[in-house]
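In order, the protein sequence lines correspond to chains Z and F.
The opening residue of the first sequence carries number 28 in the numbering used here; numbering runs sequentially from there.
The opening residue of the second sequence carries number 9 in the numbering used here; numbering runs sequentially from there.
Glycine is no exception: its CB is placed at the ideal position from the N, C-alpha and C atoms.
See below for the structure under consideration.
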Amino acid sequence: MAVASQVLTSEWTKIRSVRSTVWTLGIAVVVTVVMGAAICLLVKNDFDSMPVRERLTFDATSTAFAGMGLGQLAMIVFGVLVVGGEYSTGMIRTSLAAVPQRGTFLFSKITVATLLAFVVSLVTSFVAFSVGQAMLGADLRVGLGDPGVLRAVFGGALYMTLIALFSMGVAAVLRSPMLSLGILMPFFFLISNILGAVSATRKLGRYLPDQAGQKVMKVVTTGDDVPYGPWGGLGIMALWVIAALIAGYLFLKKRDA
Amino acid sequence: MIEAVGLTKRYGAKTAVHNLSFQVRPGTVTGFLGPNGSGKSTTMRMILGLDTPTSGHVTIGGHPFRKLPNAPRQVGALLDAKAVHGGRSARQHLLSLAQLSGIPASRVDEVLGLVGLQDVAKKRSKGFSLGMGQRLGIAAAMLGDPQVLLFDEPVNGLDPDGILWVRNLMKQLASEGRTVFVSSHLMSEMALTAEHLIVIGRGQLLADMNVKDFIAANSTGFARVRTPDTEPAQGEKLTSVLSEAGGQVAPEPDGALRVTGLALPRISDLAHEAGVRLWELSPHQASLEEAYMQLTQGAVDYRSAVPPQAVPGVVPGGMPGGVPGGVPGGLPPQGYAGDPYAGAYGPQAGAPGPYAGQPGPYGAQPQGAPAPGPYGAPPAPPQQQPQAQPQQHAAPADPTQQHSEDAR
Chain Z
28 MAVASQVLTS EWTKIRSVRS TVWTLGIAVV VTVVMGAAIC LLVKNDFDSM
78 PVRERLTFDA TSTAFAGMGL GQLAMIVFGV LVVGGEYSTG MIRTSLAAVP
128 QRGTFLFSKI TVATLLAFVV SLVTSFVAFS VGQAMLGADL RVGLGDPGVL
178 RAVFGGALYM TLIALFSMGV AAVLRSPMLS LGILMPFFFL ISNILGAVSA
228 TRKLGRYLPD QAGQKVMKVV TTGDDVPYGP WGGLGIMALW VIAALIAGYL
278 FLKKRDA
Chain F
9 MIEAVGLTKR YGAKTAVHNL SFQVRPGTVT GFLGPNGSGK STTMRMILGL
59 DTPTSGHVTI GGHPFRKLPN APRQVGALLD AKAVHGGRSA RQHLLSLAQL
109 SGIPASRVDE VLGLVGLQDV AKKRSKGFSL GMGQRLGIAA AMLGDPQVLL
159 FDEPVNGLDP DGILWVRNLM KQLASEGRTV FVSSHLMSEM ALTAEHLIVI
209 GRGQLLADMN VKDFIAANST GFARVRTPDT EPAQGEKLTS VLSEAGGQVA
259 PEPDGALRVT GLALPRISDL AHEAGVRLWE LSPHQASLEE AYMQLTQGAV
309 DYRSAVPPQA VPGVVPGGMP GGVPGGVPGG LPPQGYAGDP YAGAYGPQAG
359 APGPYAGQPG PYGAQPQGAP APGPYGAPPA PPQQQPQAQP QQHAAPADPT
409 QQHSEDAR
């Protein structure tokens with residue numbers, strides 16, 4: 028345990044002392060909040076001209092999280108840089124020479140980054156929700172006390188954290204930040220959305236980590252035919268994350284550093 | 009004490025290290041030498057448990073590294089000076105490593121002072137020169153005040169001051185009873201730093217011995233003989249006399265003769281009997297550099313495509329790795345005079361050291377004085393210029409090669 032607390036302290040120093048931490052997390056907050064606010068404002072102005080069907084299934088909570096699709100990309104960069112940076116700089120050898128227990132090293136590192144990501148995500152989620160509701164105005168807005176809303180807002184924070192965690196696992200497997208970003212960014216920005224939108228692959232797409240996880244942020248589920256609930260969706264995402272982390276751990280353990 | 013037994017590492021079909029067994033003892037600086045790509049770094053990584061050997065094992069103080077209790081307090085290593093996050097300040101970098109090993113933060117400022125980086129401690133290491141990076145890496149290795157220290161190419165990119173500092177540091181660490189294992193591809197540097205040598209080529213052990221024994225075992229002494237330039241017939245006469253007496257005679261670029269197989273007094277007697285006057289009769293011992301080159305000539309992975317013979321002004325066999333025993337002509341003193349090593353060699357000229365007792369070009373050449381040509385003869389500039397050039401390509405152990413290593 029002594030080793031774990033040493034690694035935790037060290038990782039906290041590492042994560043604090045690089046600018047990329049502030050940049051990536053800062054961008055995640057700003058993009059998520061600002062984009063969400065802007066879309067809420069647009070929706071508010073256009074609500075009366077929207078088709079009836081859309082008006083009936085309007086979800087004020089998830090609309091406030093509309094910026095998360097972009098904001099999560101910054102979270103991915105954060106996760107990738109925290110783990111991949113060790114490899115791209117060569118620090119990993121120095122680190123592993125100091126901590127030969129590779130599992131302890133990796134998971135302590137991921138713990139520190141995840142806690143930080145969770146705190147930032149929690150703030151992001153609540154701020155994005157509040158600002159979004161303020162933009163929607165008195166007619167459309169919902170409150171934290173309404174059914175399912177608090178779960179959705181809290182779930183949004185978990186979703187962003189899990190995205191970062193998933194990226195850390197992938198970066199531990201691929202070991203290269205560029206390669207990891209090159210795969211993760213287009214996947215979450217484009218491929219997952221395309222798979223979810225095309226009717227042929229829709230049933231498959233809904234089991235992808237982001238699509239399953241995003242379910243937790245929805246409050247109004249009318250016309251939604253997915254076979255899992257909000258926590259079920261987050262659970263599916265968590266399975267993906269666990270798989271990525273186990274793979275990352277195994278690769279680190281077996282491979283030459 | 010580091011002990012490797014039958015250490016082997018294969019990457020697919022390529023064998024990086026093959027059946028390597030050696031011991032690194034405390035109290036001395038042990039040099040780990042080999043051409044580029046000979047498996048030095050792979051071995052270092054295996055010692056540190058970063059790479060798993062395909063077969064064989066290596067232990068530190070009797071334990072495999074990954075089983076060592078409190079490893080960072082016992083072993084310190086500099087593997088790659090550039091292996092730092094450029095966005096992190098020197099102090100934060102060292103602090104994170106100290107915390108990783110449970111070392112108090114006060115030690116960070118201590119080692120920063122030790123390596124002379126206290127003034128740039130708050131600066132991001134991105135802006136560091138290679139030399140400053142090396143100092144930072146050395147600071148990291150010394151954080152835990154370990155008994156065993158590994159340094160992979162620590163003098164790369166250092167200025168003469170820095171080289172001298174590293175050399176003295178290594179010797180000091182060893183004199184404190186620590187185990188110091190230093191890899192280098194620079195024979196000349198190791199000659200001044202290490203007492204013991206482990207030489208590898210193509211991943212195999214070539215030599216494991218004392219520096220002095222290494223020179224003795226791997227270089228042949230020879231005599232340089234000069235007959236009057238004005239009378240070429242005398243030279244020819246002497247050549248035949250010496251050959252008849254069982255000596256091997258080879259002409260040198262400047263017209264002198266290199267004689268092996270005959271003692272100096274015998275050469276003098278033979279010349280006297282033949283009525284040949286001598287302008288020079290001097291004993292020579294091949295340097296450590298040449299011994300190394302001779303030993304590793306078959307084991308150089310990355311050789312220049314330019315055949316040394318094709319270069320004008322260079323006599324075949326005059327190049328390193330050519331004729332056994334090496335030829336001083338292949339290593340003109342000018343090569344040293346013009347590079348950072350010049351200063352380093354200065355004090356050695358008179359002091360007892362690896363080169364002492366060798367009236368070769370290194371010892372006999374008065375440093376600082378304008379060099380009167382490589383052999384004390386009238387200078388032959390057209391010959392020297394092209395000679396210095398091919399060195400860079402053909403000799404992996406040449407100090408001038410250092411620059412291309414830096415660029416990595």
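Where in the stretch 217–247 of chain Z do unbroken runs of the alpha helix (DSSP H), each at least 4 residues long, occur, reported from the N-terminal end onward?
Counting only runs of 4 or more, we get 219–224, 229–232 and 236–241.
Quick check: is the beta carbon of F:G110 nearer than 8 Å to any beta carbon in chain Z?
With 8 Å as the cut-off, F:G110 counts as an interface residue toward chain Z.
Hey, Z:F134 and Z:L123: beta-carbon distance below 8 Å or not?
It is not a contact, given that the beta carbons lie outside the stated cut-off.
Mind pulling the alpha helix (DSSP H) runs of 4 or more residues that sit fully within the stretch 68–148 of chain F?
With a minimum length of 4 residues, the continuous alpha helix (DSSP H) runs that stay inside the stretch 68–148 of chain F are 79–82, 98–108 and 114–123.
Z:I269 classed as buried or exposed, judged by whether at least 16 other C-beta atoms fall within 10 angstroms:
So Z:I269 counts as exposed.
The alpha helix (DSSP H) enclosing Z:M118, as first and last residue numbers:
Taken as a continuous stretch (DSSP letters only), the alpha helix (DSSP H) holding Z:M118 covers M118 to A125.
May I ask you to report which of helix, strand or coil DSSP gives F:M217?
Shown here, F:M217 sits in a strand according to DSSP, grouped into three states.
Less than 8 Å between the CB atoms is what I'm expecting for Z:V60 and Z:G94, so what's the real figure, rounded?
About 7 Å separates the Cβ atoms of Z:V60 and Z:G94, confirming a contact at the 8 Å cut-off.
Taking any Cβ of chain Z, which residues in the stretch 243–262 of chain F have a Cβ under 9 Å from it, in chain order?
So the list is empty, because no residue satisfies the distance condition.
For Z:T36, would you say it is in contact with chain F, using Cβ-to-Cβ distances shorter than 8 Å as the test?
Yes, its Cβ sits closer than 8 Å to a Cβ of chain F.
How long is the line joining the alpha carbons of F:D221 and F:V32, rounded to whole angstroms?
Distance between the alpha carbons of F:D221 and F:V32: 17 Å.
Please report whether the beta-carbon of Z:T131 lies at a distance below 8 Å from any beta-carbon of chain F.
Closer than 8 Å: no.
F:Q256 lies in the beta strand (DSSP E); which residues open and close that run?
F:Q256 -> beta strand (DSSP E) spans Q256 to P259.
The beta strand (DSSP E) enclosing F:D160, as first and last residue numbers
First-last of the beta strand (DSSP E) with F:D160: V156 to D160.
Could you check which residue in F:A182, F:M54 and F:R132 has the C-alpha nearest to that of F:Q155?
Restricting attention to F:A182, F:M54 and F:R132, the CA atom closest to the CA of F:Q155 is found in F:A182.
Z:R82 CB to nearest chain F CB: under 8 Å?
Between Z:R82 and chain F, the shortest Cβ-Cβ separation is not below 8 Å.
Between the C-alpha atoms of Z:M264 and Z:N72, what's the straight-line distance to the nearest angstrom?
Computed Cα separation, rounded: 34 Å.
Beta carbon of Z:D283, beta carbon of F:T67: below 8 Å?
For Z:D283 and F:T67, no; Cβs fall outside 8 Å.
Quick one: list the residues of chain Z neighbouring F:K90, beta-carbon separation under 7 Å, in chain order.
Close partners of F:K90 in chain Z (Cβ separation under 7 Å): G117.
Just how far apart, CA to CA, sit F:V13 and F:V190?
Computed Cα separation, rounded: 19 Å.
Since Z:A179 and Z:M244 are thought to touch, with beta carbons under 8 Å apart, how far apart are those beta carbons, to the nearest angstrom?
A Cβ-Cβ separation of about 5 Å places Z:A179 in contact with Z:M244 under the 8 Å criterion.
Is there a Cβ of chain F sitting closer than 8 Å to that of Z:D75, yes or no?
Not closer than 8 Å to any Cβ of chain F, the Cβ of Z:D75 fails to qualify, so no.
Does F:I146 pass the burial test, meaning 16 or more other C-beta atoms within 10 Å, or should it be called exposed?
The residue in question, F:I146, is buried, as its Cβ has 16 or more Cβ neighbours within 10 Å.
Pick from F:E161, F:V92, F:A129 and F:H26 that is closest to F:S49, judged by C-alpha positions
Answer by Cα proximity: F:E161.
For the candidate residues F:H280, F:E184 and F:V233, whose alpha-carbon lies nearest to that of F:A258?
Each of F:H280, F:E184 and F:V233 was checked against the Cα of F:A258, and the nearest Cα belongs to F:V233.
Ignoring anything shorter than 4 residues, give me the alpha helix (DSSP H) runs that lie fully in the stretch 23–64 of chain F, in order along the chain.
Runs found: 48–55.
Residues that DSSP places opposite F:P291 in a beta bridge:
DSSP lists F:A231 as partners of F:P291.
Within 10 angstroms of the Cβ of Z:D166, are there 16 or more other Cβ atoms? Answer buried if so, exposed if not.
Counting Cβ neighbours within 10 Å, Z:D166 comes out exposed, since fewer than 16 surround it.
If you drop the 5 nearest sequence neighbours on each side, which residues of the same chain put their C-beta closer than 8 Å to that of Z:K242?
Annotation for Z:K242: V253, Y255, G256, P257, G259, G260 and L261 place their beta carbon closer than 8 Å to its own, counting only its chain and skipping 5 residues before and after.
Using only CA atoms, which one of F:E11, F:F30 and F:A24 lies nearest to F:V207?
For F:V207, the closest alpha carbon among the candidates F:E11, F:F30 and F:A24 is that of F:F30.
Cα-Cα separation, Z:V158 to Z:A64
If you draw a straight line from the Cα of Z:V158 to the Cα of Z:A64, it is about 6 Å long.
Tell me the rounded alpha-carbon separation between Z:G170 and F:R115.
Distance from the CA atom of Z:G170 to the CA atom of F:R115, rounded to whole angstroms, is 54 Å.
Determine, using beta carbons only, whether Z:S47 comes closer than 8 Å to chain F.
Judged by the 8 Å Cβ criterion, Z:S47 is in contact with chain F.
Quick check: what's the CA-CA separation for F:L177 versus F:H193?
Answer to the nearest angstrom: the Cα atoms are 19 Å apart.
Beta-bridge pairing of F:V190 - partner residues as DSSP gives them:
According to DSSP, F:V190 bridges with F:G39 and F:F159.
With the cut-off set at 8 Å, would you say Z:R233 and Z:G223 are in Cβ contact?
Taking C-beta atoms as the reference points, Z:R233 and Z:G223 count as a pair closer than 8 Å.
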